Amino acid sequence: MMKKLLLSAILCASLNANVNEAVLGILGPSEYNTHKNLINHIFKNEKDFYTNGRLDYSKINDELEKNNLLKGTTTSISGMEITFNFNENPKIAFKNINDILRAVGIQNYTTTSQTTIDNQLQWSIKVQTAAAINPLKISNELKNANCRVMDIKKEGKKLSFYIDSSKASIYKAEDLVTQREVILKRANRPYFVELGSMYRVNIESNPGNSWYPMVTFYDSGFNAIEVVEKESLEKSLKLVVPSGARFMKIDDLYALTNIKNGLTITKE
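Under mature numbering (1 follows the signal peptide of the UniProt record, and there is no 0), the residues of the sequence shown are numbered -19 to -1, 1 to 249, in order.
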(Lines of atoms letter the chains of each structure in order from A and count residues from 1; the text may use other names and numbers.)
(Lines give C-alpha, C1' and ligand atoms only; values in the text may rest on other atoms or scores of the structure.)
Protein backbone atom coordinates (compact mmCIF):
# COMPACT_ATOMS: atom_id res chain seq x y z
CA MET A 1 0.00 0.00 0.00
CA MET A 2 2.86 2.36 0.85
CA LYS A 3 4.53 1.76 -2.53
CA LYS A 4 1.26 2.46 -4.31
CA LEU A 5 0.85 5.74 -2.47
CA LEU A 6 4.46 6.70 -3.20
CA LEU A 7 4.19 5.98 -6.92
CA SER A 8 0.84 7.75 -7.18
CA ALA A 9 2.28 10.78 -5.38
CA ILE A 10 5.24 10.91 -7.75
CA LEU A 11 3.02 10.65 -10.82
CA CYS A 12 0.73 13.37 -9.49
CA ALA A 13 3.67 15.58 -8.59
CA SER A 14 5.01 15.23 -12.13
CA LEU A 15 1.87 16.93 -13.43
CA ASN A 16 2.91 20.07 -11.55
CA ALA A 17 6.66 19.81 -12.12
CA ASN A 18 8.40 22.40 -14.25
CA VAL A 19 10.91 21.82 -17.02
CA ASN A 20 13.97 22.62 -14.88
CA GLU A 21 12.91 20.07 -12.26
CA ALA A 22 12.50 17.49 -15.00
CA VAL A 23 15.96 18.23 -16.41
CA LEU A 24 17.46 18.03 -12.92
CA GLY A 25 15.90 14.59 -12.50
CA ILE A 26 17.23 13.36 -15.84
CA LEU A 27 20.79 14.66 -15.53
CA GLY A 28 21.31 14.49 -11.79
CA PRO A 29 22.57 17.40 -9.63
CA SER A 30 26.19 17.33 -10.78
CA GLU A 31 25.52 17.53 -14.54
CA TYR A 32 22.65 19.95 -14.01
CA ASN A 33 24.72 22.43 -11.99
CA THR A 34 27.65 22.19 -14.42
CA HIS A 35 25.44 23.19 -17.36
CA LYS A 36 22.85 25.30 -15.56
CA ASN A 37 23.28 28.42 -17.71
CA LEU A 38 23.01 26.45 -20.94
CA ILE A 39 19.96 24.61 -19.62
CA ASN A 40 18.23 27.86 -18.71
CA HIS A 41 18.89 29.15 -22.22
CA ILE A 42 17.71 25.98 -23.98
CA PHE A 43 14.48 25.75 -22.01
CA LYS A 44 13.64 29.42 -21.71
CA ASN A 45 10.36 28.84 -23.58
CA GLU A 46 8.97 26.26 -21.16
CA LYS A 47 5.59 26.03 -22.86
CA ASP A 48 7.28 24.36 -25.86
CA PHE A 49 7.98 21.30 -23.72
CA TYR A 50 4.42 20.50 -22.70
CA THR A 51 1.86 18.38 -24.53
CA ASN A 52 -1.78 18.64 -23.52
CA GLY A 53 -0.79 20.50 -20.37
CA ARG A 54 1.75 17.91 -19.23
CA LEU A 55 5.52 17.78 -19.40
CA ASP A 56 6.65 15.93 -22.51
CA TYR A 57 9.77 13.98 -21.59
CA SER A 58 10.42 12.99 -25.19
CA LYS A 59 10.68 16.67 -26.17
CA ILE A 60 12.87 17.43 -23.17
CA ASN A 61 15.18 14.48 -23.80
CA ASP A 62 15.33 15.30 -27.50
CA GLU A 63 16.53 18.84 -26.71
CA LEU A 64 19.09 17.54 -24.23
CA GLU A 65 20.43 15.12 -26.81
CA LYS A 66 20.64 17.83 -29.50
CA ASN A 67 22.80 19.88 -27.14
CA ASN A 68 24.99 16.92 -26.16
CA LEU A 69 23.81 17.04 -22.56
CA LEU A 70 22.82 13.39 -22.32
CA LYS A 71 26.41 12.20 -22.64
CA GLY A 72 26.67 11.72 -18.88
CA THR A 73 23.62 9.45 -19.02
CA THR A 74 24.46 7.57 -22.19
CA THR A 75 28.06 6.65 -21.41
CA SER A 76 29.06 3.35 -19.82
CA ILE A 77 26.52 2.21 -17.24
CA SER A 78 28.10 -1.03 -16.07
CA GLY A 79 26.83 -1.69 -12.57
CA MET A 80 24.07 0.90 -12.80
CA GLU A 81 20.70 0.07 -11.23
CA ILE A 82 17.67 1.06 -13.26
CA THR A 83 14.17 1.00 -11.79
CA PHE A 84 10.98 1.13 -13.83
CA ASN A 85 7.78 2.11 -12.03
CA PHE A 86 4.48 1.48 -13.85
CA ASN A 87 1.16 2.65 -12.42
CA GLU A 88 -1.11 0.07 -14.16
CA ASN A 89 -1.23 -3.07 -16.33
CA PRO A 90 1.77 -4.82 -14.74
CA LYS A 91 1.80 -7.86 -17.05
CA ILE A 92 1.75 -5.77 -20.22
CA ALA A 93 4.26 -3.33 -18.71
CA PHE A 94 6.71 -6.12 -17.84
CA LYS A 95 6.55 -7.65 -21.32
CA ASN A 96 6.91 -4.23 -22.95
CA ILE A 97 9.91 -3.03 -20.97
CA ASN A 98 11.79 -6.29 -21.57
CA ASP A 99 11.17 -5.98 -25.31
CA ILE A 100 12.10 -2.29 -25.28
CA LEU A 101 15.39 -2.88 -23.46
CA ARG A 102 16.28 -5.48 -26.08
CA ALA A 103 15.33 -3.05 -28.85
CA VAL A 104 17.61 -0.29 -27.49
CA GLY A 105 20.53 -2.66 -27.01
CA ILE A 106 20.42 -3.42 -23.27
CA GLN A 107 20.37 -7.20 -22.80
CA ASN A 108 22.95 -8.20 -20.22
CA TYR A 109 21.30 -7.41 -16.89
CA THR A 110 19.97 -9.13 -13.79
CA THR A 111 16.78 -8.45 -11.87
CA THR A 112 17.45 -7.08 -8.38
CA SER A 113 13.80 -6.73 -7.35
CA GLN A 114 10.33 -7.07 -8.80
CA THR A 115 7.14 -6.10 -6.97
CA THR A 116 3.52 -5.97 -8.10
CA ILE A 117 1.09 -4.34 -5.66
CA ASP A 118 -2.43 -3.08 -6.41
CA ASN A 119 -1.93 -3.38 -10.18
CA GLN A 120 1.34 -1.44 -10.10
CA LEU A 121 4.75 -2.76 -11.10
CA GLN A 122 8.17 -1.79 -9.79
CA TRP A 123 11.04 -3.60 -11.50
CA SER A 124 14.74 -2.97 -10.81
CA ILE A 125 17.65 -4.31 -12.83
CA LYS A 126 21.43 -4.04 -12.62
CA VAL A 127 23.32 -3.73 -15.90
CA GLN A 128 26.15 -6.25 -15.97
CA THR A 129 28.39 -5.03 -18.80
CA ALA A 130 29.35 -1.74 -20.38
CA ALA A 131 26.31 -0.41 -22.22
CA ALA A 132 24.63 2.88 -22.98
CA ILE A 133 21.20 4.02 -21.93
CA ASN A 134 19.44 6.85 -23.68
CA PRO A 135 16.31 8.14 -21.90
CA LEU A 136 15.06 9.63 -25.18
CA LYS A 137 15.07 6.26 -26.92
CA ILE A 138 13.33 4.56 -24.02
CA SER A 139 10.73 7.35 -23.81
CA ASN A 140 10.01 7.12 -27.52
CA GLU A 141 9.75 3.34 -27.49
CA LEU A 142 7.38 3.50 -24.52
CA LYS A 143 5.24 5.92 -26.53
CA ASN A 144 4.94 3.21 -29.18
CA ALA A 145 3.30 1.05 -26.52
CA ASN A 146 0.92 3.86 -25.45
CA CYS A 147 2.93 4.44 -22.25
CA ARG A 148 4.14 7.85 -21.12
CA VAL A 149 7.19 8.75 -19.04
CA MET A 150 6.01 11.02 -16.25
CA ASP A 151 9.30 11.50 -14.42
CA ILE A 152 12.96 10.46 -14.52
CA LYS A 153 15.30 10.59 -11.54
CA LYS A 154 19.07 10.06 -11.67
CA GLU A 155 21.05 9.73 -8.46
CA GLY A 156 24.62 8.51 -8.88
CA LYS A 157 24.44 5.02 -10.36
CA LYS A 158 20.68 4.79 -9.87
CA LEU A 159 18.21 5.77 -12.58
CA SER A 160 14.43 5.62 -12.05
CA PHE A 161 11.64 5.94 -14.59
CA TYR A 162 8.05 6.67 -13.52
CA ILE A 163 5.65 5.65 -16.26
CA ASP A 164 1.93 6.04 -16.88
CA SER A 165 0.88 2.69 -18.34
CA SER A 166 -2.88 3.11 -17.86
CA LYS A 167 -3.47 2.92 -21.65
CA ALA A 168 -0.74 0.43 -22.44
CA SER A 169 -0.87 -1.78 -25.49
CA ILE A 170 1.56 -4.51 -26.52
CA TYR A 171 4.82 -3.10 -27.87
CA LYS A 172 5.02 -3.58 -31.65
CA ALA A 173 1.85 -5.67 -31.77
CA GLU A 174 0.36 -6.12 -35.23
CA ASP A 175 -2.73 -3.98 -35.82
CA LEU A 176 -5.97 -5.83 -36.50
CA VAL A 177 -7.99 -3.02 -34.93
CA THR A 178 -7.93 -0.54 -37.80
CA GLN A 179 -7.04 -3.05 -40.51
CA ARG A 180 -9.05 -5.96 -41.85
CA GLU A 181 -6.01 -7.99 -42.91
CA VAL A 182 -2.42 -8.25 -41.74
CA ILE A 183 0.40 -10.06 -43.52
CA LEU A 184 3.04 -11.30 -41.08
CA LYS A 185 6.62 -11.74 -42.22
CA ARG A 186 9.11 -14.20 -40.82
CA ALA A 187 9.89 -13.63 -37.14
CA ASN A 188 12.25 -15.12 -34.56
CA ARG A 189 9.72 -14.52 -31.79
CA PRO A 190 5.98 -15.28 -31.51
CA TYR A 191 3.67 -12.81 -33.22
CA PHE A 192 1.42 -10.57 -31.13
CA VAL A 193 -1.72 -9.08 -32.63
CA GLU A 194 -4.01 -6.45 -31.13
CA LEU A 195 -7.61 -7.34 -31.85
CA GLY A 196 -10.52 -5.05 -32.57
CA SER A 197 -14.19 -5.86 -32.55
CA MET A 198 -14.63 -9.16 -34.40
CA TYR A 199 -16.40 -12.48 -34.12
CA ARG A 200 -13.90 -14.68 -35.89
CA VAL A 201 -10.30 -14.58 -37.11
CA ASN A 202 -8.88 -16.50 -40.06
CA ILE A 203 -5.16 -17.40 -40.04
CA GLU A 204 -3.67 -18.59 -43.33
CA SER A 205 -0.27 -20.25 -43.49
CA ASN A 206 1.71 -18.83 -46.40
CA PRO A 207 3.06 -21.30 -49.01
CA GLY A 208 6.15 -23.24 -47.99
CA ASN A 209 5.30 -23.47 -44.29
CA SER A 210 4.70 -26.54 -42.14
CA TRP A 211 2.64 -24.95 -39.40
CA TYR A 212 1.50 -26.59 -36.17
CA PRO A 213 -0.62 -23.81 -34.64
CA MET A 214 -0.42 -22.60 -31.07
CA VAL A 215 -2.64 -19.56 -30.54
CA THR A 216 -3.26 -17.82 -27.21
CA PHE A 217 -5.91 -15.16 -26.58
CA TYR A 218 -5.41 -12.57 -23.83
CA ASP A 219 -7.70 -10.07 -22.16
CA SER A 220 -6.88 -6.36 -21.72
CA GLY A 221 -4.83 -7.15 -18.60
CA PHE A 222 -2.77 -9.69 -20.54
CA ASN A 223 -4.30 -12.67 -18.78
CA ALA A 224 -4.56 -15.79 -20.97
CA ILE A 225 -8.21 -16.68 -21.52
CA GLU A 226 -7.97 -19.37 -24.21
CA VAL A 227 -5.25 -21.49 -25.82
CA VAL A 228 -5.63 -23.39 -29.10
CA GLU A 229 -3.04 -26.04 -30.00
CA LYS A 230 -2.95 -28.31 -33.04
CA GLU A 231 -0.61 -31.30 -33.33
CA SER A 232 -1.58 -31.70 -36.97
CA LEU A 233 -0.20 -29.72 -39.90
CA GLU A 234 -2.55 -26.86 -40.77
CA LYS A 235 -2.74 -24.58 -43.80
CA SER A 236 -5.53 -22.41 -42.41
CA LEU A 237 -7.26 -21.94 -39.10
CA LYS A 238 -10.57 -20.23 -38.35
CA LEU A 239 -11.10 -19.36 -34.72
CA VAL A 240 -13.96 -17.75 -32.84
CA VAL A 241 -12.53 -14.85 -30.85
CA PRO A 242 -13.43 -15.37 -27.18
CA SER A 243 -15.36 -12.67 -25.39
CA GLY A 244 -13.07 -10.10 -23.78
CA ALA A 245 -10.05 -10.94 -25.94
CA ARG A 246 -7.83 -7.96 -26.77
CA PHE A 247 -4.56 -9.60 -27.82
CA MET A 248 -3.60 -12.77 -29.63
CA LYS A 249 -0.24 -14.55 -29.68
CA ILE A 250 0.56 -16.79 -32.62
CA ASP A 251 3.29 -19.39 -32.27
CA ASP A 252 4.18 -22.85 -33.54
CA LEU A 253 3.83 -25.86 -31.29
CA TYR A 254 7.36 -27.00 -32.13
CA ALA A 255 9.47 -24.28 -33.76
CA LEU A 256 8.92 -20.85 -35.32
CA THR A 257 10.95 -21.97 -38.33
CA ASN A 258 7.85 -23.93 -39.34
CA ILE A 259 6.25 -20.61 -40.30
CA LYS A 260 9.36 -19.15 -41.90
CA ASN A 261 7.31 -17.73 -44.78
CA GLY A 262 4.87 -15.90 -42.51
CA LEU A 263 1.11 -15.83 -42.09
CA THR A 264 -1.86 -13.87 -43.30
CA ILE A 265 -4.53 -12.90 -40.74
CA THR A 266 -8.01 -11.71 -41.64
CA LYS A 267 -10.77 -10.64 -39.29
CA GLU A 268 -14.39 -11.56 -39.88
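We put the beta carbon where it would ideally sit given N, CA and C, even for glycine. All values derive from a computational prediction rather than experimental measurement.
Nearest neighbour of residue i, chosen from the options [CA to CA]
i: ASN89; options: ASN18, VAL108, GLN95 and ASN33; result: VAL108
i: SER186; options: SER178, MET229, LYS219 and ALA154; result: LYS219
i: PRO10; options: SER141, LYS134, LYS28 and GLU46; result: LYS134
i: THR197; options: LYS166, HIS22, VAL182 and SER191; result: VAL182
i: ASN(-2); options: ILE20, THR15 and GLU12; result: ILE20
i: SER94; options: VAL221, LYS40 and THR64; result: THR64
i: LEU5; options: GLY34, LEU50, ASN33 and MET229; result: LEU50
i: ILE164; options: MET179, LEU244 and VAL130; result: LEU244
i: ARG170; options: MET61, ASP233, LEU102 and GLU215; result: ASP233
i: GLY34; options: LYS124, LYS25 and MET131; result: MET131
i: THR96; options: VAL85, ALA168, ASN70 and ASN115; result: ASN70
i: ASN100; options: ARG83, ILE106, LEU123 and PHE75; result: PHE75
i: LEU8; options: LEU45, LYS40, LYS25 and SER39; result: LEU45
i: LYS241; options: GLU12, TYR172 and MET61; result: TYR172
i: TYR199; options: ILE184, ALA226 and GLY177; result: ALA226
Beta-carbon proximity of residue i to residue j, cut-off 8 angstroms
i: LEU157; j: ILE246; result: yes
i: ALA149; j: ILE73; result: yes
i: ARG129; j: ILE151; result: no
i: VAL85; j: ASN127; result: no
Residue i to residue j span [Cα, whole Å]
i: GLY137; j: LYS17; result: 18 angstroms
i: TYR193; j: SER213; result: 6 angstroms
i: ALA236; j: PHE228; result: 21 angstroms
i: GLU207; j: GLU175; result: 15 angstroms
i: SER147; j: LYS166; result: 30 angstroms
i: THR91; j: LEU140; result: 15 angstroms
i: SER224; j: VAL209; result: 15 angstroms
i: SER201; j: ASN14; result: 44 angstroms
i: ALA154; j: LEU123; result: 13 angstroms
i: PRO188; j: ARG83; result: 31 angstroms
i: ALA205; j: ALA168; result: 22 angstroms
i: THR159; j: GLU62; result: 39 angstroms
i: GLY53; j: LYS25; result: Below a pLDDT of 50, predicted positions are generally treated as unreliable, and GLY53, at 45, falls in that range; no measurement from the model is reported.
i: PHE203; j: ILE184; result: 21 angstroms
i: GLY177; j: PHE142; result: 31 angstroms
For residue j and residue i, believed in contact at Cβ under 8 angstroms, the rounded distance
i: ILE78; j: TRP104; result: 7 angstroms
i: ASN190; j: ASN239; result: 6 angstroms
i: ASN48; j: ILE23; result: 6 angstroms
i: PHE67; j: LEU102; result: 4 angstroms
Sequence-distant residues of its chain with Cβ nearer than 7 angstroms to residue i (five each side left out)
i: GLU27; result: ASN(-2) and VAL(-1)
i: ARG161; result: THR247 and LYS248
i: SER39; result: LEU117, SER120, ASN121 and LYS124
i: MET195; result: GLU210, ASP232, ASP233 and LEU234
i: ASP43; result: LEU117
Sequence-distant residues of its chain with Cβ nearer than 8 angstroms to residue i (five each side left out)
i: ASP37; result: PHE30 and TYR31
i: TYR180; result: VAL221, VAL222 and GLU249
Contact test: residue i Cβ vs the ligand MG heavy atom, cutoff 7 angstroms
i: THR64; result: Questions concerning the ligand MG fall outside what the structure shown contains, since it holds no ligand whatsoever.
Cβ neighbours of residue i in the same chain (closer than 6 angstroms, five flanking residues each side left out)
i: LYS216; result: SER186
i: ALA3; result: LEU36 and ILE41
i: ILE106; result: ILE63, TYR90 and THR92
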